[in-house]
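Protein chains in written order, with my numbering: chain L, 4 to 479; chain R, 4 to 479.
2 protein chains.
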Amino acid sequence: MFLTETKRFHFLLLLIILHSEVEQAYAVWPMPQQMSQSTDRYPINPQLLAFSYARDSAAQSGCSVLDAAFERYFNLIFPDFQLTMPVFSFLLYFLQYFVNKTEIEDFPRFQFRGLLLDTSRHYLPMPAILKTLDAMAYSKFNVFHWHIVDDPSFPYQSRNYPDLSSKGAFHPMTHIYTQSDVKRVIYHARLRGIRVVPEFDSPGHTQSWGKGQPDLLTSCYKGKVPSGTFGPVNPTLSSTYQFLNGLFKEVTSVFPDSYLHLGGDEVDFTCWRSNPNVQAFMAKMGFGSDYTKLESYYMENIVNITAALNKTSIVWQDVFDYRERIPMDTVLEIWKGVPADYRAELGRITLAGYRVLLSAPWYINHISYGQDWRNAYTVQPQNFSGTEQQKKLVIGGEVCMWGEYVDATNLTPRLWPRASAAAERLWSDEEKTSSVDKAFPRLEDFRCTLIRRGIQAEPLFVGHCKHELDRLVVVH
Amino acid sequence: MFLTETKRFHFLLLLIILHSEVEQAYAVWPMPQQMSQSTDRYPINPQLLAFSYARDSAAQSGCSVLDAAFERYFNLIFPDFQLTMPVFSFLLYFLQYFVNKTEIEDFPRFQFRGLLLDTSRHYLPMPAILKTLDAMAYSKFNVFHWHIVDDPSFPYQSRNYPDLSSKGAFHPMTHIYTQSDVKRVIYHARLRGIRVVPEFDSPGHTQSWGKGQPDLLTSCYKGKVPSGTFGPVNPTLSSTYQFLNGLFKEVTSVFPDSYLHLGGDEVDFTCWRSNPNVQAFMAKMGFGSDYTKLESYYMENIVNITAALNKTSIVWQDVFDYRERIPMDTVLEIWKGVPADYRAELGRITLAGYRVLLSAPWYINHISYGQDWRNAYTVQPQNFSGTEQQKKLVIGGEVCMWGEYVDATNLTPRLWPRASAAAERLWSDEEKTSSVDKAFPRLEDFRCTLIRRGIQAEPLFVGHCKHELDRLVVVH
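Below, the structure written as structure tokens:
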């Protein structure tokens, strides 16, 4: 009721104020590589505005992705245009838009600018994911890393293995992603220039897999008898690899992206150690008591399965740390440690010639009081000891929103605009964006832009956004 | 679109499942003083359910507050009743409710269980405030401490001093609370057993007041000339007290509660010291260079104004720390320090015979990663050195949500269920609620109850709520 009143009221206000008020230009975020703006202001007529393809552009008229983007951005630039035109055309006289003459030349610093959502620790309903994709595009993220399954739940509804979600999801009917849900996410992302990289993390983080796939997980022993609990995927059985081959075959056909994230992090060896069959396998393979060799054996097998499906593997850094023999095109993702640690790891991985993604300083699920976006902003992904060649192997980074304490109730304000700080680091020239204090007012402005576009981004500090009351939804 | 589909889907599911599923009893939060529950389950018919007044109850049939509460709670207990009855009456056969035979005797441990919202650092639209009142009632909070104005903005639209908001609010028309807004908040609160205590904090925290009330604030000097900036309220002018008398007269007629919060915290003396007129006043009054005496002088004056209006003052602890002569019925609110500090302050204030409110450990705007509700839960408000008589002077406490980093985008998930942890501490028996680990599953349950009632309370840990997808709103 209040919202309606407020909206109507704003409307009357438009009549009174807009003829005298010139809307301020909004800050551009992330900072373009080159931008020159003159103080000359020109009135623009929305009806005459046109987007156009450059003559030498690879894309030309008819490119469906860009044509759809032009339409979306027209509505973002002139949010009141459709609202006012048909019924209230007399308002147009007052609705005057201006633009400063501006030239922008732009390209990303890093090719891989990812954001991870975790839909296993809490289920995220489809609108929350689609909304996140919208907001990602506004910050020029271009990879949605979908950490779709993990220990707590298995919401991916597999065509070939339906028991995985019917037994492993929080709820078999409501807390799942159907094939059509996944298609919709991929479609929505594609139109926004975002690729979707799914992660099927194993051999650890797979408790939920075991419910719908008997014999997949290692049976843990207490003394000489099974304890009734289960550990990581059992790497000693050929049935394991048959199943994974089947699952990955399906997954790589559903997700068209050239990358598949295989996980490989945090494998606890306790259960493997307890199991006599695993012990026997270790002896047979000559692994001694070094269970990292068993993990390597497993990871090499699934990386090879993935390669045979013509996909490139991404894995967490643990896989490199255990010195596994993995194809040179595998991408390693760094998630551990304080700056000194991840810098050393950046050096080691790139020295070995692997491409690397940096996530460690962008675990955005970690929160602290105040302006913690500043930490995300001041990361220097290429500031480590190494040659120029090594630096080029840093292909980008990822903001990770792990789901222990996050679901659809708090996802959006916790992500935005904090993730946007990392987004500028991944997109913009480092020298031109070296001052966190100069970034602050631009990011505040950008946060208001997000609010205006319907993203419930939280405030950076005291103040208000001009359009916050039109766009905000509080259900009552 | 997704929501609609999901809802329709749930509906079909009801037909299939509900005849065999018995809904689990929800945990009671905060823990009642006495509760005995038998394992006997009885089916209940919503149409025959009746709330009734005890024979010896002071309230009897016709009490409008309780009658309205009965109606609200009927709908909370049977959320699907109205939905299913008119159109889908055939469903009733399947919708079977059960209740365990339960006897509860209950009363609050502390009489004053408050929650502070700060509507100056960010404006909170009316629906956000009303929603918070709903959620407060669910956790048995009974005081809404409305920190309505402060340095950044003055959203209270005064009848007698309209310039205060027209010049001091973030926006003179949209970012204000009109007289009818305030009435609506008070009405909404009253029906939920919540009193509304407004705070007009002075002499510090008043920058926004100065915009609409010239000469109220102290003009700061740089050397012998005014610097153009302003400090706290000018305590040396009789016009100051005339204005405050007028404002408080209005405010105490608008807000019917017997308390008025006068603030009195964090007064910076730099500006007072710089001003030659203030210096002259100090000399005339014999205050020497002790500016705490000037502050005392000011606070005593406004506490007396308040007393003359038949209201009881609440002030922040600073007022006691400066040893001001204030009426013995004044309530002191403790906001400073780590546990050792606030315990000592509890001892000092109660030893002097004043009633006290504890807020220091419940600054819930401070966030940290993980389950920080545990800190709020383990507070022991009466655990300080003092007599039994002193302990009784602790009349309660307040959860404070200061607004530096909070507005309507993130208020609800940041408040709930974290504030509910403090609510149980303020309501329930301390010994019966001494285990934070035992509280955890009950609070998780209660969080799901909040979700079911439409409050976007954030998760405590990994998992899901049964009704989360029906109630959740993500705008797309």
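Every residue gets a Cβ at the ideal spot worked out from N, C-alpha and C, and that includes glycine.
Practice task
Report yes if the CB atom of residue 116 of chain R is closer than 8 Å to the CB atom of residue 363 of chain R, and no otherwise.
Solution key: Going by beta carbons, residue 116 of chain R and residue 363 of chain R fall outside the 8 Å limit.
Practice task
Kindly indicate which three-state DSSP category residue 307 of chain L falls into: helix, strand or coil?
Solution key: Helix at residue 307 of chain L.
Handout entry: Short-range partners of chain L found in the region 372-391 of chain R, where Cβ spacing is below 9 Å
Key = Residues of the region 372-391 of chain R with a Cβ closer than 9 Å to any Cβ of chain L, in chain order: 372, 373, 374.
Problem - Residue range of the unbroken beta strand (DSSP E) whose run includes residue 149 of chain R - result: First-last of the beta strand (DSSP E) with residue 149 of chain R: 146-150.
Exercise for the section: Note down, in chain order, each residue of its chain lying with its Cβ closer than 7 Å to the Cβ of residue 160 of chain R, except the 5 sequence neighbours on either side. Expected result: Once the five neighbours on either side are set aside, the close Cβ partners of residue 160 of chain R are 168, 179, 180, 181, 182.
Exercise for the section: Measure from the alpha carbon of residue 129 of chain L to the alpha carbon of each residue in L:284, L:75, L:151, L:402, then state which is nearest. Expected result: Of all alpha-carbon atoms in L:284, L:75, L:151, L:402, the one lying nearest the alpha-carbon of residue 129 of chain L is that of L:151.
Problem - Proximity test, Cβ basis, 8 Å: residue 79 of chain L and chain R - result: Not an interface residue.
Problem - Beta-carbon contacts of residue 387 of chain L that lie in its chain and below 6 Å, excluding the five residues immediately before and after - result: Only 346, 349, 350 meet the Cβ criterion.
Practice task
For residue 404 of chain R, name the three-state secondary structure that DSSP assigns.
Solution key: Here residue 404 of chain R sits in strand by DSSP.
Exercise for the section: Could you say if the region 370-390 of chain L and the region 414-425 of chain R meet the contact criterion of at least three C-beta pairs nearer than 8 Å? Expected result: Touching, no, given that fewer than three Cβ pairs across the two stretches are closer than 8 Å.
Exercise for the section: Kindly indicate if chain L contains any beta-carbon less than 8 Å away from that of residue 125 of chain R. Expected result: Residue 125 of chain R counts as touching chain L.
Exercise for the section: Using three-state DSSP, classify residue 223 of chain R as helix, strand or coil. Expected result: When DSSP states are grouped into helix, strand and coil, residue 223 of chain R belongs to the strand group.
Exercise for the section: Pull up the distance between the alpha-carbon of residue 202 of chain L and that of residue 278 of chain L, whole angstroms please. Expected result: Near 28 Å, if we compare the C-alpha coordinates of residue 278 of chain L and residue 202 of chain L.
Practice task
Would you mind telling me which residues of chain B sit closer than 7 Å to residue 460 of chain R, beta carbon to beta carbon, in chain order?
Solution key: The chain inventory of the structure shown lacks chain B, comprising the protein chains L and R.
Handout entry: Stretch pair the region 124-142 of chain L + the region 210-220 of chain L: three plus CB contacts closer than 8 Å
Key = Short answer: they don't touch.
Handout entry: Residues near residue 490 of chain L in its chain [Cβ-Cβ closer than 7 Å; skip 5 each side]
Key = Because residue 490 of chain L is not part of the residues shown, which for chain L are 4 to 479, the question remains open.
Practice task
Quick one: using the 10 Å Cβ neighbour count with 16 as the cut-off for buried, is residue 391 of chain R buried or exposed?
Solution key: That one is exposed.
Handout entry: CB contact check: residue 73 of chain R to chain L, cutoff 8 Å
Key = No, residue 73 of chain R lies away from the interface with chain L (no Cβ there is under 8 Å from its Cβ).
Practice task
Show which residues of chain L have a CB atom less than 8 Å away from the CB atom of residue 173 of chain R.
Solution key: Neighbours of residue 173 of chain R on chain L, chain order: 466, 467.
Practice task
Just confirm the distance between the C-beta atoms of residue 204 of chain L and residue 249 of chain L, as a whole number of angstroms; I'd bet it's less than 8 Å.
Solution key: Between residue 249 of chain L and residue 204 of chain L the Cβ distance is about 18 Å, and since that is not below 8 Å, they are no contact.
Practice task
Taking only the alpha-carbon atoms, compute the straight-line gap between residue 211 of chain R and residue 30 of chain L and give it to the nearest angstrom.
Solution key: Between residue 211 of chain R and residue 30 of chain L, the C-alpha separation is close to 27 Å.
Exercise for the section: Spell out the partners DSSP gives residue 38 of chain L in its beta bridges. Expected result: Bridge partners of residue 38 of chain L: L:107.
Exercise for the section: Could you have a look at residue 96 of chain R and say whether DSSP puts it in helix, strand or coil? Expected result: With a pLDDT of only 46 at residue 96 of chain R, under the threshold of 50, the placement of this residue in the model should not be trusted, and no figure is reported.
Handout entry: Residues of the region 160-186 of chain R whose Cβ lies closer than 8 Å to any Cβ of chain L, in chain order
Key = Within the region 160-186 of chain R, the residues whose Cβ lies closer than 8 Å to any Cβ of chain L are, in chain order, 173, 174, 176, 177, 178.
Handout entry: Per-residue DSSP class, three states only, for residue 88 of chain L
Key = At residue 88 of chain L the pLDDT is 48, less than 50, meaning the model places this residue with poor confidence; the figure from the coordinates comes in the next sentence. If DSSP states are grouped into helix, strand and coil, residue 88 of chain L belongs with coil.
Handout entry: Residues of its chain near residue 454 of chain R, where Cβ-Cβ distance is below 7 Å and the 5 sequence neighbours each way are ignored
Key = Excluding residues within five positions, the ones whose Cβ falls inside 7 Å are 460, 468, 470, 471, 474.
Exercise for the section: Return helix, strand or coil for residue 27 of chain R, following the three-state DSSP convention. Expected result: For residue 27 of chain R, the predicted structure reports a pLDDT of 46, less than 50, and the residue's modelled location is therefore unreliable. A value from the coordinates is still provided. DSSP, reduced to helix, strand and coil, places residue 27 of chain R outside both helices and strands of the structure shown, so it counts as coil.
Practice task
With DSSP as the reference, please indicate the residues paired to residue 198 of chain L in a beta bridge.
Solution key: L:146, per the DSSP bridge assignment.
Practice task
Note down, in chain order, all residues in the region 353-372 of chain R with a beta-carbon under 8 Å from any beta-carbon belonging to chain L.
Solution key: Within the region 353-372 of chain R, contact with chain L at the beta-carbon level (separation under 8 Å) is assigned to 368, 369, 370, 371, 372.
Handout entry: Residue-chain proximity (residue 25 of chain R, chain L), Cβ-Cβ < 8 Å
Key = Confidence in residue 25 of chain R is poor, its pLDDT being 41 and thus under 50, which makes the residue's placement unreliable; the coordinate value appears in the next sentence. Chain L contact via Cβ: absent.
Practice task
Go through its chain and collect everything with a Cβ distance to residue 198 of chain L's Cβ below 8 Å, but skip five positions before and after it.
Solution key: Correct list, in chain order: 145, 146, 147, 192, 260, 262.
Exercise for the section: Please specify which runs of the beta strand (DSSP E), each continuous and at least 3 residues long, are wholly inside the region 233-291 of chain L, giving them in chain order. Expected result: Taking only runs of at least 3 residues, the beta strand (DSSP E) segments lying wholly in the region 233-291 of chain L are 262-266.
Practice task
Mind checking who residue 371 of chain L pairs with in its DSSP beta bridge?
Solution key: Per DSSP, R:371.
Problem - Interface residues of chain L facing residue 345 of chain R [CB-CB closer than 8 Å] - result: Ordered by position in chain L, no residue passes the 8 Å Cβ test against residue 345 of chain R, which lies about 19 Å from the chain.
Exercise for the section: Can you grab the Cα-Cα spacing for the pair residue 402 of chain L / residue 72 of chain L, in whole Å? Expected result: A straight line joining the alpha-carbon of residue 402 of chain L with that of residue 72 of chain L spans about 24 Å.
Problem - Contiguous beta strand (DSSP E) assignments of at least 3 residues, all confined to the region 325-389 of chain L - result: Counting only runs of 3 or more, we get 334-337, 358-361.
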